[in-house]
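> Below is one structure. I have some questions about it.
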Amino acid sequence: MPAEAMGTADWYRHFGAFDAPGSSACYADWSLHIADDPELIARIEQWPHNKRQPLLMLAAARFLGARISPYGEFRKFLDEHWADISRTVLSRATQTNEVGRCATLLPSLAAIAAAEGKPLALIEVGASAGLALFPDRYCYEFDDGTTVTRLLPARPRKGQPAAPEPPALRCITSGMVPLPGRLPDIVWRAGIDLNPLDVGNDDDVAWLEALVWPEQDFRRERLRRAVAVARQEPPLLVAGDLNEQLVSLARQAPDDAALVVFHSAVMGYLSAEGRARFRTTVQGLAADRGCHWLSNEGEMVIAQEDGSNVVPEMDPERLKGRFLLLQDGLPVAVTGPHGQSLEWL
Ligand SMILES: C[S@@+](CC[C@H](N)C(=O)[O-])C[C@H]1O[C@@H](n2cnc3c(N)ncnc32)[C@H](O)[C@@H]1O
Numbered sequence: 034m035p036a037e038a039m040g041t042a043d044w045y046r047h048f049g050a051f052d053a054p055g056s057s058a059c060y061a062d063w064s065l066h067i068a069d070d071p072e073l074i075a076r077i078e079q080w081p082h083n084k085r086q087p088l089l090m091l092a093a094a095r096f097l098g099a100r101i102s103p104y105g106e107f108r109k110f111l112d113e114h115w116a117d118i119s120r121t122v123l124s125r126a127t128q129t130n131e132v133g134r135c136a137t138l139l140p141s142l143a144a145i146a147a148a149e150g151k152p153l154a155l156i157e158v159g160a161s162a163g164l165a166l167f168p169d170r171y172c173y174e175f176d177d178g179t180t181v182t183r184l185l186p187a188r189p190r191k192g193q194p195a196a197p198e199p200p201a202l203r204c205i206t207s208g209m210v211p212l213p214g215r216l217p218d219i220v221w222r223a224g225i226d227l228n229p230l231d232v233g234n235d236d237d238v239a240w241l242e243a244l245v246w247p248e249q250d251f252r253r254e255r256l257r258r259a260v261a262v263a264r265q266e267p268p269l270l271v272a273g274d275l276n277e278q279l280v281s282l283a284r285q286a287p288d289d290a291a292l293v294v295f296h297s298a299v300m301g302y303l304s305a306e307g308r309a310r311f312r313t314t315v316q317g318l319a320a321d322r323g324c325h326w327l328s329n330e331g332e333m334v335i336a337q338e339d340g341s342n343v344v345p346e347m348d349p350e351r352l353k354g355r356f357l358l359l360q361d362g363l364p365v366a367v368t369g370p371h372g373q374s375l376e377w378l
């Protein structure tokens, strides 16, 4: 059942029973208790429907300092901080910026740069803080032993600060993944988001950290490292709807670079109409100015408006809890939602 059709208690029960257990024992436990706590559910129901989602409420509590603990302690924390939790829930949104996804985009980006014989210009729609706009600055460790990273000078030039240690993005591969030998050159990067987060703003960064599941310290660590990289050269982020902003932003991209428009974990926020409009906009951009399109999204990318299917031969079980990576509309890989795996088709 879609979340919009569930009652609040069922939403928390479903999150605690199905969404959280593989990633966070603590969130699973808290959510199941909240589902059976009518007084708390009544308080949550005072918020607008889209603000009642479990991850948002739990991240707000973490943002304000809730630690991994038994439910009794967490419930006390909620009581003591409820006004601040409400304020945080009402002013923030789930905007997890998962830099690990760059590992699953890298082979396609490198292949596009090689095929075009040009450096890349990137536009990420639904960019959050824009951390995925720096795929040329991170270190990639694929499970076949391939490591791809930027060669930095052994010593920084005089007067220049040392480059921050990049996050190591580890990825398990299967199939004939075209792993690149080097990182693509990226000469321009920009993003669009309804509410861009600012890597230079400590509150925004603390919010991004709070969105990481409590037990996943390795994700928080790589987030911190990616933020340090992005802080050196904060990306151009345009505030607004991706359907309204894409064409005008693309005009700013240099003509002598190959433009790639990409997105991960964004299409679920759009209506079917918004997704169809976006598809038409990208196809128009490709025809008018030339661009490539990488879409890394969950199951909703499969079913098309006309009832057809992008990958009719694929067993839906194979996609459960994973993303499909499409390059220029064609499926190329099934990917781990946080970039942890890449299965080439
Ligand atoms: C789950 S986050 C994913 C962020 C990033 N793509 C990543 O993979 O780390 C989804 C982002 O899409 C943005 N978003 C949702 N709908 C949007 C729209 N119509 N136009 C622009 N951004 C949108 C949200 O504000 C949020 O920052």
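To convert, take the position in the sequence shown, counting from 1, and add 33; that gives this note's numbering.
Glycine included, each C-beta is placed from N, C-alpha and C at the ideal position.
Since the structure is predicted, the reported quantities are computational estimates derived from the model, not experimental observations.
1. Going by beta carbon distance, what residues of the same chain come within less than 7 angstroms of Ala290, once the five residues before and after it are set aside?
2. Tyr104 by DSSP, collapsed to three states: which one?
3. With DSSP as the reference, please indicate the residues paired to Ala154 in a beta bridge.
4. Spell out a yes or no on whether the stretch 342-358 and the stretch 301-316 are touching, meaning 3 or more CB-CB pairs, one atom from each, closer than 8 angstroms.
5. Does the Cβ of Arg134 lie closer than 7 angstroms to at least one heavy atom of ligand 1?
6. Rounded to the nearest angstrom, what separates Ala99 and Phe110 at their Cα positions?
7. Rank Ala136, Ala94, Val158 and Gly55 by C-alpha distance to the C-alpha of Tyr302 and give the top, closest one.
8. By a C-beta neighbour count over all protein chains shown, 10 Å radius and 16 as the cutoff for buried, is Pro199 buried or exposed?
9. Give the C-beta separation of Leu327 and Phe356 to the nearest angstrom, bearing in mind that I take them to be a contact with Cβ-Cβ under 8 angstroms.
10. At a cut-off of 7 angstroms, is Leu303 close to ligand 1 when judged by its beta-carbon and the heavy atoms of the ligand?
11. With a cut-off of 8 angstroms on the beta carbons, I'd call Leu138 and Ala223 a contact; round off their distance for me.
12. Counting beta carbon pairs with one atom in the stretch 166-182 and one in the stretch 236-246, are three or more of them shorter than 8 angstroms?
13. Taking Arg255 and Gly369 to be in contact with their CB atoms under 8 angstroms, please state how far apart those CB atoms are, rounded to whole angstroms.
14. So, using beta-carbon positions, are Ala305 and Asp226 closer together than 8 angstroms?
15. Are Pro268 and Leu166 closer than 8 angstroms when you measure CB to CB?
16. Please give me, in chain order, every unbroken run of the beta strand (DSSP E) with length at least 3 that falls completely inside the stretch 130-216.
17. What's the call for Glu330, buried or exposed, on a 16-neighbour Cβ count within 10 Å?
18. Leaving aside the five residues before and after Trp207 along the sequence, list all residues of the same chain whose C-beta is less than 8 angstroms from its C-beta, in chain order.
19. Output the distance between the C-alpha atoms of Gln278 and Val271, rounded to the nearest integer angstrom.
20. Give a yes or no on whether the C-beta atoms belonging to Leu292 and Ile156 are separated by under 8 angstroms.
21. Apart from the five residues just before and just after Glu332, which ones in its own chain have a Cβ nearer than 7 angstroms to its Cβ?
22. Look up Thr121 in the DSSP assignment and say whether it is helix, strand or coil.
23. What is the DSSP secondary structure of Thr127, reduced to helix, strand or coil?
24. Please report how far the alpha carbon of Ile67 lies from the alpha carbon of Asp52, in whole angstroms.
25. Keeping to the same chain, check which residues put their C-beta closer than 6 angstroms to that of Ser141; ignore five residues upstream and five downstream.
26. Spatial neighbours of Arg85 within its chain, please: C-beta separation below 8 angstroms, excluding the five flanking residues on both sides.
27. CB of Asp231 to nearest heavy atom of ligand 1: below 7 angstroms?
By the coordinates alone:
1. Lys151, Pro152, Leu153, Ala154, Val220 and Trp221
2. helix
3. Trp221 and Leu292
4. no
5. yes
6. 7 angstroms
7. Val158
8. buried
9. Contact flag wrong, Cβ pair sits at about 11 angstroms.
10. yes
11. The pair is not a contact, with the Cβ atoms about 16 angstroms apart (cut-off 8 angstroms).
12. no
13. In fact, because the Cβ distance is near 14 angstroms, the residues do not count as touching under 8 angstroms.
14. no
15. yes
16. 153-158, 172-175 and 201-207
17. buried
18. Reading the sequence as shown, one finds Ser at residue 207 and not Trp. Once the five neighbours on either side are set aside, the close Cβ partners of Ser207 are Ser374, Leu375, Glu376 and Trp377.
19. 8 angstroms
20. yes
21. Leu352
22. helix
23. coil
24. 15 angstroms
25. Leu327 and Gln360
26. Thr41, Trp44, Ile77 and Glu78
27. no
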